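Undergrad:
Protein chains: 2
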Amino acid sequence: MNISTKTEYAVRALTELAINPADKPLSINDICKHQNLPPKYVEQIFRKLKHSGLVNSIHGPKGGYLLAKEINDISLRDIMEAVDENYVTPFCNGDPEQHVHCIGLPCGFKNLWDEIKGNLENYFDSIRLDQIVDKL
Amino acid sequence: MNISTKTEYAVRALTELAINPADKPLSINDICKHQNLPPKYVEQIFRKLKHSGLVNSIHGPKGGYLLAKEINDISLRDIMEAVDENYVTPFCNGDPEQHVHCIGLPCGFKNLWDEIKGNLENYFDSIRLDQIVDKL
DNA sequence: AGTATAACATATTAAATTAGTATGAATTGG
DNA sequence: CCAATTCATACTAATTTAATATGTTATACT
Numbered sequence: 528m529n530i531s532t533k534t535e536y537a538v539r540a541l542t543e544l545a546i547n548p549a550d551k552p553l554s555i556n557d558i559c560k561h562q563n564l565p566p567k568y569v570e571q572i573f574r575k576l577k578h579s580g581l582v583n584s585i586h587g588p589k590g591g592y593l594l595a596k597e598i599n600d601i602s603l604r605d606i607m608e609a610v611d612e613n614y615v616t617p618f619c620n621g622d623p624e625q626h627v628h629c630i631g632l633p634c635g636f637k638n639l640w641d642e643i644k645g646n647l648e649n650y651f652d653s654i655r656l657d658q659i660v661d662k663l
Numbered sequence: 528m529n530i531s532t533k534t535e536y537a538v539r540a541l542t543e544l545a546i547n548p549a550d551k552p553l554s555i556n557d558i559c560k561h562q563n564l565p566p567k568y569v570e571q572i573f574r575k576l577k578h579s580g581l582v583n584s585i586h587g588p589k590g591g592y593l594l595a596k597e598i599n600d601i602s603l604r605d606i607m608e609a610v611d612e613n614y615v616t617p618f619c620n621g622d623p624e625q626h627v628h629c630i631g632l633p634c635g636f637k638n639l640w641d642e643i644k645g646n647l648e649n650y651f652d653s654i655r656l657d658q659i660v661d662k663l
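Chains as they are written, first to last, in our numbering: chain A, 528 to 663; chain B, 528 to 663.
This is the structure:
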């Protein structure tokens, strides 16, 4: 039950974008120098963020990344989902092929894990990038 | 951000104890047959549960485990803490030795991760074994 | 046009964590 | 005494996560 370093890095990096003027893109290298992060790894993370529509990119020299949404419209959940695929997976999904322990399908714990999953999602959804920036 | 299978197994197993008459201990083998779990692994888990004071044990034949507390006094948090040591660890704990990315100490994200950690702990603390049993 | 910068993409390696097994000792009811 | 069971530790295997390596594509600037 830990937040991945991918998510940590994404949060740090997106915070940089959030603080930056909206018209001028920030490069991975600048972000990583500032936040002391491994650039090639952060590159991968940004590709995911882009595929999830959280950032836009600009190619070539003077290029880089920009937020694709308002900073109060990007949640920690969005980030985790973008970056950590299956970031919360309940054990029993009703398919006994995948969940060996429920002999009969679906097992009695399905509701519990589903409810937890839902609550965690809602919680992480309630944490927005603007709040994160404010707390710095 | 996933619940470990250790926690899943512990929940399944403790549920068995919760349902069982309080005077008659349940053995690992019986629990594991019933819940389709790997006994030797569950043994380890139970030792941790015992060290955390969630269950009592009785040696020898006809021995096994019993809940050491009321079923409304055992929370999912208790179980996770017992079984998954460091089940929620914030990145920055104020020590830059451990958290490489905060050059100055402690980094600006400490508050964020601490708050999240606290909220998750409270949430998992709010889920009690009796509720879990009721949902079966 | 050529070059440097930076995103894009994928494959690989390395490290860490997690899951599970193996082996055996200690305890106790029958 | 014997079998059942907890207790303890060491080891192995599998999976996941973190990070690196190598190279391609796009584009601003000279």
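Yeah, the Cβ is synthetic: ideal placement off N, Cα and C, and Gly gets one too.
The structure displayed is predicted, hence computed values, not measured ones.
Taking beta-carbon pairs under 7 Å, can you tell me which members of the stretch 542-570 of chain B lie near chain A?
TA: Those residues of the stretch 542-570 of chain B that come within reach of chain A (Cβ to Cβ, closer than 7 Å) are Q562, N563 and L564.
Undergrad: Quick one: using the 10 Å Cβ neighbour count with 16 as the cut-off for buried, is B/Q562 buried or exposed?
TA: Answer is buried; the Cβ neighbour count reaches 16.
Undergrad: Does the beta carbon of A/G591 sit closer than 9 Å to a beta carbon anywhere in chain B?
TA: So, not an interface residue.
Undergrad: Just the Cα atoms here: how many angstroms apart are A/C634 and B/D605?
TA: When rounded, the distance between both Cα atoms is 23 Å.
Undergrad: Rounded to a whole number of angstroms, what is the C-alpha to C-alpha distance between B/K567 and B/H626?
TA: If you take the alpha carbons of B/K567 and B/H626, they lie about 36 Å apart.
Undergrad: Drop a sphere of 10 angstroms on the beta-carbon of A/P548, count the other beta-carbons inside from all chains shown, and report buried for 16 or more, exposed for fewer.
TA: Exposed, because fewer than 16 other Cβ atoms sit within 10 Å of the Cβ of A/P548.
Undergrad: Extract the residue ranges of the beta strand (DSSP E) inside the stretch 566-614 of chain A, only unbroken runs of 3 or more that lie entirely within it.
TA: List check, beta strand (DSSP E) in window: 582-585 and 591-594.
Undergrad: Taking only three categories from DSSP, how would you classify A/L553?
TA: Of the three classes helix, strand and coil, the one that applies to A/L553 here is strand, per DSSP.
Undergrad: Measure the C-alpha to C-alpha separation of B/H628 and A/D657 and round it to an integer number of angstroms.
TA: Going by the C-alpha atoms only, they are around 21 Å apart.
Undergrad: Just to confirm before moving on: does the CB-CB distance between B/L594 and B/I585 stay below 9 Å?
TA: The answer is no: Cβ separation not under 9 Å.
Undergrad: Using beta carbons (cut-off 9 Å, strictly below), is B/K577 in contact with chain A?
TA: Taking Cβ atoms only, chain A never reaches closer than 9 Å to B/K577, which makes this a no.
Undergrad: For A/N646, go through chain B and note every residue whose CB falls closer than 8 Å to its CB, in chain order.
TA: Near A/N646 (Cβ distances below 8 Å), the residues of chain B are Y650.
Undergrad: Terminal residues of the continuous alpha helix (DSSP H) containing B/T542?
TA: Taken as a continuous stretch (DSSP letters only), the alpha helix (DSSP H) holding B/T542 covers T532 to I546.
Undergrad: Taking Cβ positions only, does B/R574 come closer than 9 Å to chain A?
TA: For B/R574, the answer is no, since every Cβ of chain A falls outside 9 Å of its Cβ.
Undergrad: Do you know offhand how far A/E612's Cα is from A/F618's?
TA: Using only the alpha carbons, I get a separation of about 15 Å.
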